[in-house]
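Encoded as C-alpha cells, the structure appears first; notes follow it.
Number of protein chains: 2
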Amino acid sequence: MPLAGISIHPVAGLPEFAPGDDLAAAIAGAAPWLADGDVVVVTSKVVSKVEGRLVHVEPGTDREAARQRAIDAETVRVVARRGPLKIVETRQGWVVAAAGIDASNVPGDALVLLPADADASARGLRARLRELLGVTVGVVVSDTFGRTWREGLTDVAVGSAGVPALIDHRGDVDVHGNRLETTQVALVDELAAAADLVKGKLGGLPVAVVRGLTVTAPAEDTGTRPLVRLGPGDLFRYGSRDLVGSRAPAADLVPRPGELDAVAEAFRVAGAALPEFPVVVRYGGEDDGVVDIHLPERATTTTALNLGALIGAVVVQLHAEGWTTRWEPVGTPGGTSLVGRLWLGSPPD
Amino acid sequence: MPLAGISIHPVAGLPEFAPGDDLAAAIAGAAPWLADGDVVVVTSKVVSKVEGRLVHVEPGTDREAARQRAIDAETVRVVARRGPLKIVETRQGWVVAAAGIDASNVPGDALVLLPADADASARGLRARLRELLGVTVGVVVSDTFGRTWREGLTDVAVGSAGVPALIDHRGDVDVHGNRLETTQVALVDELAAAADLVKGKLGGLPVAVVRGLTVTAPAEDTGTRPLVRLGPGDLFRYGSRDLVGSRAPAADLVPRPGELDAVAEAFRVAGAALPEFPVVVRYGGEDDGVVDIHLPERATTTTALNLGALIGAVVVQLHAEGWTTRWEPVGTPGGTSLVGRLWLGSPPD
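In the order they appear, the protein sequences are chains A and B.
Counting from 26, one number per residue, gives the positions in the first sequence under our numbering.
Counting from 26, one number per residue, gives the positions in the second sequence under our numbering.
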C-alpha cells in the first residue's frame, strides 16, 4: 500500500524561453500527465521571459549602472540600502532586494524584471492549461526572496491562481479546546518553497508540479494580493541603525531635487513623534538638494534646543531612508530666522 | 513509469506527548517504513513537550501576564513592539514574535517554549532513529514564523541534523555562463515549509517525512546555526516609525532602572551618526528611570541646537526600541549646566 501524502515532480524537457513563446503549450507538451487538482509552480523568470519583461543592456555599456536604473524604475520606495544592495518596495507591493531583478539564467545582455502582474499571468496559464489538457490546476508563480533575519533564500509566491494564498485557521479549535487566534498559513509560499526542492537553481527546471493536496480554489480569486503587508501592518518600514553612519562624505553628495518631498514627510513624522519639543519650522529653497530651515520667530535657547531635537530626528530618519545629509549652520538661532541649511543627497549609486 | 520527484508523507498515529516521553521511539513505531536518505520533519512543539520546555500557568492566575513573563525570559532583545505584540530576538538567535512561545495544541494550563537547543534535539533524534531502525535520516525541527513584509505564516527550521542548512550556489555558473553570485538556498527552511503542506495546524500530525531528496549530510554538522543573521548583516535591527508615536501617556511610565544602559548606547549611536552636531553630554541620576542631562559648559544657542539634535536622535532611537520617554526641561540651556531630564519607561506590559 503506498504511503499517504503528496508528491512533487519536476517538469523536464522544457526549452529556453523567449518573448512571445507559448509557455502553457510548452508545459502541456512536457507534462501531459497533469491532472485535476495538481498545482503547477512556475519560476517567475520564465514568465517574465515569455512576457518580454526584459531590459536589454547594450554591449559595452555599464551593466551594473543599467541594473541600478532598472531597480529604480521598478521601485516605489527604498526600504533600506547598504552599498550596492537596495531593499525596495516594488510596484507589485513586494519588499525584496534589487526589486527582484535578476541577471542569472539569461543571456549576458539582459536583465529580467518581475512579471508586471504575476497573478494575471497565473490566471492565464491556468485557463490555457484547461483548454489544452482539459484539467483544472492551480498555478503558482514563484520567485526567490531573502528574509530579514535569516540567511539564505527561499522561494515564495509572487503570483497565483486557483489556490488560496492564505489558509485561515483563526477561530479553529485545537484538540485541547484552545482557539487558534492568529494562524494564517501562507499556502502559496509553502508551495513555492516545496517546489524549489526539485527545481534547483541552475536553470533547465523552471517548473514543478505538486500533486495530492486537497485544495479548493477560492470563490473570488485574489491571487497573491492577500500576502502583501504594507502600511499600518508594517513594523519595519525602514531599515534601522546599521544604515545610520554609513553616509558618504559630504563631497560625494548627489542631490536629487525631485525627491525632496521626503523632507516634508520626515518633518511631519518627527513632529508627531516628538510633541514635547514643540517648534514650528518653515523650510524652502529645495531646488538644489538644499533645504533652508527657518524659525518663524527669533529663537530662545529653549527654542533652539527644540528645533535641534526636530532636526536630529529628521536627520536620523533621512539616514534610515538612505539619504545622505550635511548640516550647515547659517546663523546662531537667536540671531536670525534662517537657522541653517540641510544638504541632501542620495548615496552615489 | 512513476514520475520523478520527491514525496512527503505524514506520520499518522502518534500519541499526545508529555515530558520524558521517547519521541524517537514513537516515530519509529509509527513510521517503520523510514529509509536511508529520508528527512524527518518534526514540529518543535512536540520536541519541547518531551523535553519539558513548558511553563505551567496556575489556574486562576493571569494567563496573558504569565505569557508576557515567559516571553521576557526567553528574550535577549526586543526588536519591535506594538501593543501586546513583541517581536524579539531569542536566546537561540531567532527573531520571532512572542519568542516563539505558543499556547495552542497544549492543555490550557501550559505555555510551550522553543526547544533550548533544537539542533541538539535533532541530532539526538537522528542518532536514536539510527539505533532503532538502522536508518540514516536527516532531521529538521520546524516552527511557524511570521515574515516582515508578507502576511501569513510559514514553517521554518529551528533545528536540524544531517541536512545542510544552506545549499551554496555561489560561484556556480548557469547555462548562459553567468556566475551566480548570491544564491544560497535555505534548504532546511524549504523542507520545513514543504512538510507543513501535509502536517496541518490543528494537531495530531506533528511529523512528516520528505523522501527522494539527494542530500549529503554535511561533514561538520552545524545544524541551523548558519541561518542566524544578526549583527552587521541585520539591516532591520529595530522596528521603525510605526512604533514611534505609540507612546503611553507619561503618567503610565513604568521605569526599569536596570535597563538604563540603553541610554548610554543610544547617545553613543546618536553621537556617531550626527558628527555635525558636536556636543559633549554628561548624564547621571539613573536610579529611578530618569536621566539628568547636563552640558559641561554654559551653552550658546548653537550648543543648544546641537544638544537638541542629539536628544531628538536619542529619543527616536529609544522609541524604536520600545521605550517610553518624557522630556522635562529643567532650565534654559544657556542658564544652567543641567538642561533637562529624560524620563524613561517601558510601555506597560
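Backbone N, C-alpha and C define an ideal beta-carbon position, used for all residues, glycine too.
{"Query": "Inside the segment 125–195 of chain B only - beta strand (DSSP E) runs reaching at least 3 residues", "Result": "135–137, 163–170 and 179–186"}
{"Query": "Where the alpha helix (DSSP H) through L332 of chain B begins and ends", "Result": "T326 to A345"}
{"Query": "Limits of the alpha helix (DSSP H) - the one that A90 of chain B falls within", "Result": "R88 to E99"}
{"Query": "Outcome for H34 of chain A when other beta-carbon atoms lying within 10 angstroms are tallied against a minimum of 16", "Result": "buried"}
{"Query": "Per-residue DSSP class, three states only, for A105 of chain B", "Result": "strand"}
{"Query": "Inter-residue CB distance, L138 of chain A and S73 of chain A (contact presumed, cutoff 8 Å)", "Result": "6 Å"}
{"Query": "Any 3 or more C-beta pairs closer than 8 Å across the segment 324–343 of chain A and the segment 325–334 of chain B", "Result": "yes"}
{"Query": "Beta carbon proximity, T239 of chain B to chain A, threshold 8 Å", "Result": "no"}
{"Query": "Residues bridged to Q209 of chain A (per DSSP)", "Result": "A:D193"}
{"Query": "Candidates A:F42, A:Q342, A:R148 and A:L252, of which the one nearest R78 of chain A by Cα", "Result": "A:F42"}
{"Query": "Contact with chain B by T179 of chain A, beta-carbon distance below 8 Å", "Result": "yes"}
{"Query": "Residue of A:A141, A:A128 and A:D127 minimising C-alpha distance to R116 of chain A", "Result": "A:A141"}
{"Query": "Chain B contact for L39 of chain A (CB, 8 Å cutoff)", "Result": "no"}
{"Query": "For L39 of chain A, the three-state DSSP class (helix, strand or coil)", "Result": "coil"}
{"Query": "Exposure label - T241 of chain B; buried when at least 16 CB within 10 Å", "Result": "exposed"}
{"Query": "Simplified DSSP assignment, three categories, for I33 of chain B", "Result": "strand"}
{"Query": "Cβ neighbour criterion (16 or more within 10 Å) applied to P40 of chain A", "Result": "exposed"}
{"Query": "Chain A residues whose Cβ lies nearer than 7 Å to that of G30 of chain B", "Result": "S32, I33, H34, P35 and V223"}
{"Query": "Terminal residues of the alpha helix (DSSP H) in which A49 of chain A lies", "Result": "L48 to A55"}
{"Query": "Through-space distance from G248 of chain A to V181 of chain B, alpha-carbon basis", "Result": "23 Å"}
{"Query": "Residue from B:D87, B:I52 and B:F302 with nearest C-alpha to V75 of chain B", "Result": "B:I52"}
{"Query": "For G30 of chain B and S32 of chain A, believed in contact at Cβ under 8 Å, the rounded distance", "Result": "6 Å"}
{"Query": "Three-state secondary structure (DSSP) of L252 of chain A", "Result": "helix"}
{"Query": "Top-ranked residue by Cα proximity to P44 of chain A, from A:L59, A:H81 and A:R102", "Result": "A:H81"}
{"Query": "Through-space distance from R155 of chain A to V131 of chain A, alpha-carbon basis", "Result": "29 Å"}
{"Query": "Of the listed residues B:D87, B:G184, B:V364 and B:A90, nearest to K70 of chain B (C-alpha basis)", "Result": "B:G184"}
{"Query": "N-terminal and C-terminal residue of the beta strand (DSSP E) that V121 of chain B is part of", "Result": "V120 to A122"}
{"Query": "W174 of chain B, buried or exposed, once every other Cβ within 10 Å from all chains shown has been counted against 16", "Result": "buried"}
{"Query": "Spatial neighbours of A135 of chain A in its chain, beta-carbon cut-off 6 Å, leaving aside the 5 residues before and after", "Result": "L79 and H81"}
{"Query": "Nonlocal neighbours in the same chain, by C-beta distance under 8 Å from A50 of chain B, ignoring five residues either side", "Result": "R153 and L157"}
{"Query": "Nearest candidate by alpha-carbon position, reference T100 of chain A, set A:E114, A:R254 and A:V64", "Result": "A:E114"}
{"Query": "Bridge partner(s) assigned by DSSP for T68 of chain B", "Result": "B:S167"}
{"Query": "Assigned exposure category for W58 of chain B - 16 Cβ within 10 Å defines buried", "Result": "exposed"}
{"Query": "Per-residue burial, T179 of chain B [other beta carbons within 10 Å of its own, 16 or more giving buried]", "Result": "buried"}
{"Query": "CB contact flag (G365 of chain A, W352 of chain A, <8 Å)", "Result": "yes"}
{"Query": "Interface partners of W58 of chain A on chain B, CB under 8 Å", "Result": "L28"}
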